[in-house]
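Okay, so here's the structure we're looking at.
2 protein chains.
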Amino acid sequence: MKKRATVRDVAAEAGVSPATAARALSGNASVDPVLARRVAAASQRLGYTTNVMARALRTQQTGTIGVVVPSITNPFFVSAVEALEGVLARSNRSLVLCDARNSALTEAERIEFLVSRMVDGLVVIPVSRRDSRQALNLAAAHGPVVQFDRYAPSTNTDFVGADNAEGVRQMVEHVQALGARTMAYVGAQPTSSSAAERLDAFRGLAGSPSGDRRMEFLDDFTTEWGRTAGEHLLADGPLPDAIVCGADLIAVGLLSVLQDAKVKVPADVKIVSYDDSMMGLITSPRLTSVRQPVELMAEEAIRLLGDRPDGEPRPSRKSIFSPTLVIRESTATASSRPSRTEHSDRAAPHPAAIP
Amino acid sequence: MKKRATVRDVAAEAGVSPATAARALSGNASVDPVLARRVAAASQRLGYTTNVMARALRTQQTGTIGVVVPSITNPFFVSAVEALEGVLARSNRSLVLCDARNSALTEAERIEFLVSRMVDGLVVIPVSRRDSRQALNLAAAHGPVVQFDRYAPSTNTDFVGADNAEGVRQMVEHVQALGARTMAYVGAQPTSSSAAERLDAFRGLAGSPSGDRRMEFLDDFTTEWGRTAGEHLLADGPLPDAIVCGADLIAVGLLSVLQDAKVKVPADVKIVSYDDSMMGLITSPRLTSVRQPVELMAEEAIRLLGDRPDGEPRPSRKSIFSPTLVIRESTATASSRPSRTEHSDRAAPHPAAIP
DNA sequence: TTGAAAGCGCTAACAC
DNA sequence: GTGTTAGCGCTTTCAA
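Going down the list, the sequences are from chains D and A. Going left to right, the first sequence walks through residues 3 to 357 as the working numbering numbers them. Going left to right, the second sequence walks through residues 3 to 357 as the working numbering numbers them.
Here it is, written out as structure tokens:
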């Protein structure tokens with residue numbers, strides 16, 4: 003439990019004042035090159051590393067931004083975190099990650115935790131479009147906040163997301179072009195904005211509910227729910243021509259149940275999904291899925307965080323990106339074969355470091 | 003960008019001294035109930051939240067422990083993080099998560115970052131048993147460090163892990179009992195201790211390499227490598243009776259390639275895997291896999307972190323837990339059918355909150 | 001260019 | 001039981 007060396011230690015060792023040592027260490031201010039070298043050497047010898055908390059207390063800046071995700075179990079959120087981290091790393095900043103356990107209450111706690119750690123900004127994927135608002139507003143009073151992927155109406159926060167209606171439109175039109183007439187939607191309750199927007203889009207596109215051409219199964223974004231929904235579908239009579247899933251997590255659960263029941267995908271039923279995560283690549287067939295440009299979204303989010311010249315309030319902004327449908331075997335037509343080359347399109351996954 | 007209220011603000015508002023306010027806020031010391039109430043009210047009114055960094059600077063305690071994982075992409079590490087967080091939450095502490103991007107260099111940076119943030123302790127799943135040592139030793143000089151799941155020989159750190167030799171023994175004996183004579187091992191290069199121990203165990207159990215009854219494919223713990231290895235296996239002639247995988251990530255990649263090639267699992271070849279992650283449940287067939295008692299391991303790790311009465315050095319300790327083999331369809335015998343009930347054994351996943 | 005001194009927000013002695 | 005004071009480690013005026 004050795005005590006860490008401080009600026010004073012370094013200063014003493016180098017025979018200068020703490021102020022000079024600090025200046026030399028920071029590199030910015032003008033210091034006699036000779037002294038600077040002496041300080042560097044002393045710092046080296048003592049194994050000095052600056053105490054981030056002390057510095058933060060003084061400068062009110064931590065070089066760290068906080069990220070809150072609903073659940074780290076969802077691979078899409080993992081990829082978002084990795085993308086954000088990549089962007090931050092480029093400017094020598096880091097990220098502290100919090101998991102809200104899909105609870106707005108825990109989320110509020112985590113946001114508070116991060117605020118009290120004086121993060122320079124907050125990127126939040128809100129749990130609920132209703133219950134996340136209060137914590138978000140509170141946080142926004144203390145520093146810049148960007149909502150990511152999901153949105154809870156809030157006056158002082160920016161938003162970066164993808165166009166869910168557009169994504170669902172691509173899904174539906176794709177399977178319709180393949181001949182699907184009846185469709186089921188398996189997604190999450192519209193408590194989050196993304197779930198709500200996807201559901202709304204599906205409803206708007208997939209015919210009338212009374213016409214028996216549309217089915218809806220709503221619960222949450224989990225594999226378990228995908229399984230349960232699959233069982234419902236199997237029990238409810240003839241399968242639809244296509245199943246539209248609100249997330250890969252759901253789709254993989256659903257798929258495993260269908261396969262246990264010897265249902266052939268895509269021959270008997272086509273499956274389209276959302277997120278384009280690694281999960282959709284390890285199933286057989288691989289999943290046709292909507293990809294969101296997480297990298298670009300992450301860049302934009304960090305840009306917006308820093309985009310308050312004097313910390314002054316400014317009108318909040320929304321940046322919406324268009325998603326694209328990646329077509330794979332789960333909707334393949336008879337003539338197309340499993341493509342082995344498909345993996346290559348995500349060949350260079352962004353490595354992660356959190357913070 | 004409102005300035006946060008401080009103890010002094012609260013004190014002024016309540017008409018007491020900062021010290022009294024602080025005492026009242028902390029709840030520990032003895033304060034006149036009347037004043038205490040006044041302080042509480044004032045704190046409420048001002049929306050006071052204690053500045054964690056300032057407190058830490060003073061007390062040298064942050065109530066936060068740092069966790070460094072090789073890559074958050076590996077579901078086993080995610081489950082470890084979730085387990086650790088669960089344990090910490092129970093004692094009102096939180097965790098800051100870092101991802102080393104599978105690089106010892108990044109790992110060293112992250113460890114340094116955490117040390118400079120004055121975390122109360124460090125749980126590290128080291129990237130490499132060789133290259134992680136230096137950073138670990140450095141960190142151990144400043145506070146308690148526990149290595150988790152993987153081990154890089156180090157004098158001042160404790161270790162909590164599972165018995166890899168035992169796990170592999172169970173895998174091998176299971177498939178042998180099912181009649182497998184030839185076996186392939188698909189795992190990672192022995193740069194990490196777990197990869198090394200699993201490989202060694204396999205070598206010790208699966209017959210001589212010259213006897214043509216054993217094959218080895220080594221690279222890293224990724225799905226991509228599982229695919230590549232699968233292609234090698236298919237190209238290399240007749241498949242073995244069983245394939246022993248060093249991780250679920252590998253197994254799912256391997257499985258997807260085998261299925262593209264119309265190989266039947268388990269009829270044509272049995273697959274056993276390691277980690278018992280969610281990935282093994284979404285494949286078809288589901289994976290027989292070795293489960294490590296992450297929950298218990300996490301508890302033990304946190305216990306060891308706090309187990310240095312005066313921060314005094316003490317002889318380091320190792321805690322080794324026994325894993326268990328969870329049998330599923332990827333090694334099912336002809337008579338056994340896919341069990342739908344299998345999911346229930348992981349019905350209550352430990353929710354996560356990081357920190 | 002350098003040093004002395006003040007202070008970020010908090011708590012722990014030490015007096016009263 | 002309460003207030004005063006000092007100081008955690010750092011940066012940054014302000015003088016010299």
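Each residue gets a CB set at the ideal place from its N, CA and C atoms; glycine is no exception.
(request) Could you check how far apart the C-beta atoms of A/Pro72 and A/Val129 are, in whole angstroms? I think they sit under 8 Å. (result) The pair is a contact, with the Cβ atoms about 5 Å apart (cut-off 8 Å).
(request) With distances taken Cα to Cα, identify the nearest neighbour of A/Ala38 among A/Gly49, A/Tyr50, A/Leu48, A/Arg25. (result) Nearest of A/Gly49, A/Tyr50, A/Leu48, A/Arg25 to A/Ala38, Cα basis: A/Arg25.
(message) Taking its Cβ as the centre, do 16 or more other Cβ atoms sit within 10 Å of A/Ala13, making it buried, or is it exposed?
(response) In the assembly as shown, A/Ala13 is a buried residue. Its beta-carbon has 16 or more other beta-carbons within 10 Å.
(request) Identify the continuous alpha helix (DSSP H) that holds A/Met281 and give its terminal residues. (result) 281 to 284 is the extent of the alpha helix (DSSP H) around A/Met281.
(request) With DSSP collapsed to three states, give me the class of A/Asp221. (result) It is a strand residue.
(message) Classify D/Val36: buried if its beta carbon has 16 or more other beta carbons within 10 angstroms, exposed otherwise.
(response) Answer is exposed; the Cβ neighbour count stays below 16.
(request) Just the C-alpha distance for D/Ser346 and D/Leu283, rounded to the nearest angstrom, thanks. (result) Summary for D/Ser346: the model assigns pLDDT 41, below 50, so the residue's position carries little reliability; its value from the coordinates is reported in the next sentence. D/Ser346 and D/Leu283 have their C-alpha atoms roughly 11 Å apart.
(request) Look at the Cβ atom of D/Ile67, then the Cβ atom of D/Gly123, and state whether they are nearer than 7 Å. (result) Yes; because the gap between Cβ atoms is below 7 Å, this pair is in contact.
(message) Can you tell me whether D/Gln46 is helix, strand or coil according to DSSP?
(response) In the structure shown, D/Gln46 sits in a helix (DSSP, three-state: H, G or I).
(request) Report yes if the C-beta distance between A/Val125 and A/Val80 is below 7 Å; otherwise report no. (result) In this structure, A/Val80 does not lie closer than 7 Å to A/Val125 by Cβ.
(request) Return helix, strand or coil for A/Val33, following the three-state DSSP convention. (result) Coil, per DSSP.
(message) Do D/Val177 and D/Leu265 count as a contact pair if the criterion is CB distance below 7 Å?
(response) Reading off the sequence shown, one finds Val at residue 265 of chain D, where the question assumed Leu. Contact: no.
(message) Using a Cβ-Cβ cutoff of less than 6 Å, which residues in the same chain neighbour A/Pro192 once the five nearest sequence positions on both sides are dropped?
(response) For A/Pro192, where only same-chain residues beyond five positions count, the Cβ hits under 6 Å are Ala198, Leu201.
(message) Tell me the DSSP secondary structure of A/Thr326 in three-state form.
(response) Here A/Thr326 sits in strand by DSSP.
(request) Give the straight-line distance between the Cα atoms of D/Leu138 and D/Gln63, rounded to the nearest whole angstrom. (result) Rounded to whole angstroms, D/Leu138 and D/Gln63 show a C-alpha spacing of 20 Å.
(request) Give a yes or no on whether 7 Å exceeds the smallest Cβ distance from D/Gln261 to chain A. (result) Yes, its Cβ sits closer than 7 Å to a Cβ of chain A.
(message) According to DSSP, is A/Gly169 part of a helix, a strand, or is it coil?
(response) Looking at A/Gly169 - three-state DSSP - the assignment turns out to be helix.
(request) Could you pull out every residue in the same chain whose Cβ sits closer than 7 Å to the Cβ of A/Glu15, ignoring the five residues on either side in sequence? (result) Same-chain partners within the cutoff: Ala44, Arg47, Leu48.
(request) Would you identify the three-state DSSP class for A/Met120, choosing helix, strand or coil? (result) Coil, per DSSP.
(request) Could you work out which residue in D/Leu298, D/Arg330, D/Leu306 is closest to D/Phe323 when comparing CA atoms only? (result) Of all alpha-carbon atoms in D/Leu298, D/Arg330, D/Leu306, the one lying nearest the alpha-carbon of D/Phe323 is that of D/Leu298.
(message) Tell me the residue span of the beta strand (DSSP E) that contains D/Arg293.
(response) Its beta strand (DSSP E) spans residues 290 to 293.
(request) Note down the Cα distance separating D/Ser212 from A/Asp151, rounded to an integer number of angstroms. (result) Below a pLDDT of 50, predicted positions are generally treated as unreliable, and D/Ser212, at 49, falls in that range; no measurement from the model is reported.
(request) Would you tell me roughly how many angstroms separate the C-alpha atoms of D/Leu59 and A/Asn53, rounded to the nearest one? (result) Take the alpha-carbon of D/Leu59 and the one of A/Asn53: they are about 9 Å apart.
(message) Out of A/Val246, A/Asp221, A/Gly145, A/Arg216, which one is the CA nearest neighbour of A/Met173?
(response) Of the residues A/Val246, A/Asp221, A/Gly145, A/Arg216, the one whose Cα lies closest to the Cα of A/Met173 is A/Val246.
(message) For D/Pro242, count the other beta carbons within 10 Å of its own beta carbon; 16 or more makes it buried, fewer makes it exposed. Which is it?
(response) Around the Cβ of D/Pro242, a 10 Å sphere holds 16 or more other Cβ atoms; the residue is buried.
(request) With DSSP collapsed to three states, give me the class of A/Val267. (result) Coil.
(request) Could you say which of D/Thr157, D/Val170, D/Gly228 lies nearest to D/Gly206 if we only look at CA atoms? (result) Selected option, being the one with the closest Cα: D/Val170.
(request) Name, going along the chain, the residues of the stretch 69 to 82 of chain A whose beta-carbon falls closer than 8 Å to a beta-carbon of chain D. (result) For the stretch 69 to 82 of chain A, which is checked against every Cβ of chain D, the residues closer than 8 Å are Ser73, Ile74, Thr75, Val80.
(message) Tell me the residue span of the beta strand (DSSP E) that contains A/Val2.
(response) Because chain A spans 3 through 357 in this model, residue 2 of chain A falls outside it and cannot be assessed.
(request) Could you please tell me which residues of the stretch 316 to 336 of chain D, in chain order, have their CB closer than 7 Å to any CB of chain A? (result) Within the stretch 316 to 336 of chain D, no residue qualifies.
(request) Spell out the partners DSSP gives A/Arg216 in its beta bridges. (result) In the DSSP assignment, A/Arg216 forms a beta bridge with A/Met185.
(request) Report the neighbours of D/His234 on chain A: residues whose CB is nearer than 8 Å to its CB, in chain order. (result) Per Cβ cutoff of 8 Å: no residues; D/His234 is ~14 Å from chain A at best.
(request) Flag this pair as yes or no: are the beta carbons of A/Ser286 and D/Ser258 separated by less than 7 Å? (result) Taking 7 Å as the cut-off, the Cβ atoms of A/Ser286 and D/Ser258 count as close.
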